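Residue numbers (the numbering used here): 47 to 161. Ideal Cβ positions, reconstructed from N, Cα and C, are used throughout, including at glycine. It should be emphasised that the depicted structure is a prediction, and the values quoted were computed from it without experimental measurement.
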């Protein structure tokens, strides 16, 4: 799907809420795609984002649709496994974003203070 700057603008509030813990839902595939677009297009963190593109693109693909109507034990185990994968992927996105923030701040400090 083609992304635009408006997609980044609309998704950024939700992404930041999830990053800081104001929204407990995990990052979904669409938000990750918006982040990838923002990093590739130099919309966010233009000085350091290129370093982290491969990490974002390398996140595991997870089928986010909930498994419903399965009452047997294997269905519950599969749903639990999917939920764990989604949470793990979300934690990876948070780690990447925090690292990008840190690197961006350090980059600005180096430029401003000649460190």
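For residue 63, the three-state DSSP class (helix, strand or coil): In the structure shown, residue 63 sits in a helix (DSSP, three-state: H, G or I).
Evaluate the contact criterion for the region 97-104 versus the region 57-68: three or more CB pairs, one atom per stretch, below 8 Å. Not touching, per the Cβ criterion.
Rounded Cβ spacing between residue 77 and residue 50 (contact assumed at less than 8 Å): Not really, about 15 Å apart at Cβ, beyond 8 Å.
Which term fits residue 159, buried or exposed, when burial requires 16 or more other beta carbons within 10 angstroms of its beta carbon? Taking a 10 Å sphere around the C-beta of residue 159, we find fewer than 16 other C-beta atoms and assign the residue as exposed.
Determine the direct distance from the alpha carbon of residue 128 to that of residue 92, and round the result to whole angstroms. Residue 92 and residue 128 have their C-alpha atoms some 33 Å from each other.
Does DSSP put residue 92 in a helix, in a strand, or in coil? Note: residue 92 maps to coil in three-state DSSP.
Minimum C-alpha distance to residue 48 - residue among 107, 87, 96, 145: Residue 87 is the option with its Cα nearest to residue 48.
Between 96, 154, 74, which lies nearest to residue 136 when the distance is taken from Cα to Cα? Nearest option by C-alpha distance: 74.
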